[in-house]
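Asks:
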Amino acid sequence: MLAISCHRSRSGKPGNHGCSKVHTRVPEVKGMKPKEERKNLHNDPDFAKKSLFGTTANAGVMTMAYVNQMIEACFPAESFYNGGTLTYKGINPFRDGDVVVFFRRGRR
């Protein structure tokens, strides 16, 4: 069984969890509206204040993209030959200033 865990830290020190990476910028995507026109709870603090989070928060799809990168970086391709599952529960959003550390747990 393979599992991916994610821990949040506000200390800025990810620690030594084997395979870890911290992403600090989101690339621009071709075809997107100019940044000043894309206002939502992910990038507009005034808009986000009215949301259930009360502040800007990451998009769950972006979190899963990071998880996918970590899976590809941390595990050999043979790990996926017999299938498997991945469960993601976004209990708390990642917020500006959070350091996100992904690490693997399980058999290598």
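The numbering of the sequence shown is my numbering, which starts it at 294 and goes up by one. All residues carry an ideal CB built from backbone N, CA and C; glycine is no exception.
Among Asp339, Thr356 and Met355, whose alpha-carbon lies nearest the alpha-carbon of threonine 348?
Replies: For threonine 348, the nearest C-alpha among the options comes from Asp339.
Asks: For glycine 377, which of Val393, Lys342, Phe368 and Ile384 has the nearest alpha-carbon?
Replies: Among Val393, Lys342, Phe368 and Ile384, the Cα nearest to that of glycine 377 is on Phe368.
Asks: How long is the line joining the alpha carbons of glutamate 365 and lysine 382, rounded to whole angstroms?
Replies: Looking at the two C-alpha atoms, the distance is approximately 20 angstroms.
Asks: Less than 8 angstroms between the CB atoms is what I'm expecting for alanine 341 and phenylalanine 387, so what's the real figure, rounded?
Replies: About 13 angstroms separates the two Cβ atoms, so there is no contact after all.
Asks: Distance check for serine 372 and asparagine 385, CA to CA, integer angstroms please.
Replies: Answer to the nearest angstrom: the Cα atoms are 29 angstroms apart.
Asks: Looking only at its chain, what residues have a beta carbon closer than 8 angstroms to the beta carbon of methionine 357, apart from the 5 residues adjacent to it on each side?
Replies: Closer than 8 angstroms at the Cβ level, and outside the excluded window around methionine 357, lie Tyr381.
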